[in-house]
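In this note's numbering, each residue's number is its place in the sequence shown (first place is 1) plus 3.
Ideal Cβ placement from N, Cα and C applies to all residues, glycine included.
What follows is a short report on a single structure.
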Amino acid sequence: MEQTIKKYRYWEWRTIVVLFVGYALFYFVRKNLGIAIPAMEAELGISKTQLGLFLTLHSIIYGFSRFINGLLVDRFSKRKIMSLGLLLTCLVNLFICFSPKLNGMLNLLDGEGKATLGLVYLIGSMWVLNGYLQGMGVPPCVSLLAHWIRPTELATKQSIWNVSHTVGAGVVVALCGYILNHFGYSAWYLCFAIPACIALLGVFVLWFGLKDDPSEVGLPSIEELSAAESGEQQVKSEDKSKENNPLANIDGAKYKKIINKMVFANPYIWIIAISNFCVYVIRLTILDWGASFLTESKGMDIAQAGGLLATTEIVGGTLGMLLAGWLSDKLFKSKAHRTCFFCIIFATLSFFLFWKCDSVWLSFLCLVMSAFFIYGPQALYGVCASQQATKYAAGTSNGIIGIFGYASSVVSGVMFGAMAETGGWDSVFPVALAFGAAGAIAIGLMWNAPANGYEKLNKIIEKTK
4 MEQTIKKYRY WEWRTIVVLF VGYALFYFVR KNLGIAIPAM EAELGISKTQ
54 LGLFLTLHSI IYGFSRFING LLVDRFSKRK IMSLGLLLTC LVNLFICFSP
104 KLNGMLNLLD GEGKATLGLV YLIGSMWVLN GYLQGMGVPP CVSLLAHWIR
154 PTELATKQSI WNVSHTVGAG VVVALCGYIL NHFGYSAWYL CFAIPACIAL
204 LGVFVLWFGL KDDPSEVGLP SIEELSAAES GEQQVKSEDK SKENNPLANI
254 DGAKYKKIIN KMVFANPYIW IIAISNFCVY VIRLTILDWG ASFLTESKGM
304 DIAQAGGLLA TTEIVGGTLG MLLAGWLSDK LFKSKAHRTC FFCIIFATLS
354 FFLFWKCDSV WLSFLCLVMS AFFIYGPQAL YGVCASQQAT KYAAGTSNGI
404 IGIFGYASSV VSGVMFGAMA ETGGWDSVFP VALAFGAAGA IAIGLMWNAP
454 ANGYEKLNKI IEKTK
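See below:
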């Protein structure tokens, strides 16, 4: 028993670390565009509205991809899907880097070296494709974590993995800020090439570092292990079968009916999704437009803006995620939705103060606090969905909230880009703040929801027999 637990802990933490590294590298080839935007405006003459359209279409396709791949990872190899996604998104970034070199064949630049509509459409279409490939990252992660981590520890440990978001975004923002400051805006293409080359290493880490399920290394399911630790039964570590899965012997039609009730007919999943939409308006505004409004409205140069955004992500986001996960398990008894309610309120307030303050240092503090609180829900909404839908539909439920989260780019992307171009950034902040308030109200509706849906699942299974 002791050896089994020791082996289980090794593989549990190995899975968390590998997923942490792998998903941080997904961000290297996704959040590099945000810091490159000022350079692409200056060098290529691409407008904020056009760039905002890229961001919107990328995020919408990303959301649908998370849903599609959420369905796939609940049935197929999570390791293979995630590894393939990272490989292909790196190749797309490298193509964007070299796209102006195709000018001789496709007439992508005018006489002044500015982008023609051909280059705009080419880069835009590649970024939309990148959105789909990026959607192959999160679903395998949340499904693997739900299979390897006990429900009572999921909020805390998944929050540790979620720090990969802030580390990945923060490091790539700092890296690209340094590149543009050192080589100038004409080196915008390096913001795609260098992160892509680094991220390629993650493909090997994922492929050789992950296992889809504890049974692949001769370990029992987490339910059986927990029961054995409580003295309820003996551990069976030699069997690779799925006899511990209550859905294993259920036929296809009944399986779909059960999943529909746990996900599509589950009101809690839709409440989480709606609140996630609102929260992502603020989160994507900071990530995608941060470099632009810091240089234009706060008077910072690109290196300062990159450093501030990196600190915001790595320091504010990391601490916010870790504390939110710990509070959910320890203070709120794994009811992560309660933690989210308070986080959204304080995130909205911090974003308001950032908008209104003139001091550079106060702006820095308020933006860090915005990230500190906004990344609590960002880390925990996936946990909430996994818990309410159970690990057997974790990918599907996270796919739904992913669609809503990234559909918000219709607001944060093309809408805010057009508003900033015509009315300045002061026209953008009130709308973002209104969405923050709406997100808090939405998640507050499930205050009395249970910590997870396993009891509900068992009742549904009994009724279908």
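For S373, the enclosing alpha helix (DSSP H) covers residues 363 to 392. For I63, the enclosing alpha helix (DSSP H) covers residues 51 to 76. One thing to note: A158 has its Cβ within 9 Å of the Cβ of L383. Taking R153 as reference, the option from F207, I182, E226, A397 with the minimal CA-CA separation is E226. Taking the CA atoms as reference points, P223 sits about 21 Å from L22. The C-beta separation of A327 from G379 comes to about 3 Å, placing the pair in contact by the 8 Å criterion.
Non-local beta-carbon contacts of G134 in its own chain, meaning distances under 6 Å to residues more than five positions away in sequence, involve H61, I64, Y65 in chain order. Assignment of M422 by DSSP, reduced to helix, strand and coil, places it in the helix class. Counting along the chain, no alpha helix (DSSP H) covers I152, and no H or E run does either. DSSP places N96 inside the alpha helix (DSSP H), whose first and last residues are 81 to 101.
When DSSP states are grouped into helix, strand and coil, P143 belongs to the helix group.
Proximity of the region 435 to 449 to the region 280 to 289 meets the contact definition, three or more beta-carbon pairs being nearer than 8 Å. For I317, there is no enclosing alpha helix (DSSP H), since its DSSP letter is neither H nor E. In this structure, the beta-carbon distance from W292 to G420 falls below 9 Å. Nearest C-alpha to V24 among N35, L204, M139: L204.
Close CB contacts of E15 within its chain, under the 7 Å cut and outside five residues either way in sequence, are with W151, I152 (chain order). In the structure shown, C343 adopts helical secondary structure according to DSSP, grouped into three states. In the DSSP annotation of this structure, the continuous segment of the alpha helix (DSSP H) that includes D332 starts and ends at 321 to 333. It is roughly 51 Å from the alpha-carbon of E46 to the alpha-carbon of R12. Residue environment: T155 is assigned as exposed (fewer than 16 neighbouring CB atoms within 10 Å of its CB, all protein chains considered). The C-alpha of F267 lies about 46 Å from the C-alpha of D361. Under the three-state reduction of DSSP output, L213 falls in the coil class, being neither helix nor strand. Contact between L89 and A202 holds, with the beta-carbon distance rounding to 6 Å and staying under 8 Å. The beta carbon of F357 is closer than 7 Å to those of S366, C369, L370, S373 in its chain, skipping five residues each way along the sequence. When the five nearest sequence neighbours on each side are left out, the beta carbons in the same chain lying within less than 7 Å of the beta carbon of S146 are those of V76, D77, K81, A397, G398, in order along the chain. Nearest Cα to W130 within the set K160, A149, N96: N96. For T467, the uninterrupted alpha helix (DSSP H) run begins and ends at 457 to 467, by DSSP. The alpha-carbon of L125 is positioned some 8 Å away from that of S102.
When C-alpha distances from Y181 are compared across F79, I197, E424, the shortest belongs to I197.
Nearest neighbour of L56 by Cα position, chosen from G442, S86, M418, F195, turns out to be M418. Setting aside the 5 residues that flank it on each side, W329 is surrounded in the same chain by T159, each with a C-beta closer than 6 Å to its C-beta; the list follows chain order.
Taking every protein chain shown into account, the CB of S128 has fewer than 16 other CB atoms within 10 angstroms, so this residue is exposed.
Taking 8 Å as the upper bound for CB-CB distance, I463 and I261 are in contact here, some 5 Å apart.
Taking a 10 Å sphere around the C-beta of L334, we find fewer than 16 other C-beta atoms and assign the residue as exposed. The distance from the Cβ of A294 to that of I49 is about 14 Å, inconsistent with a contact at the 8 Å cut-off.
Counting every other CB atom within 10 Å of its CB across the protein chains shown gives K338 a total of 16 or more, marking it as buried.
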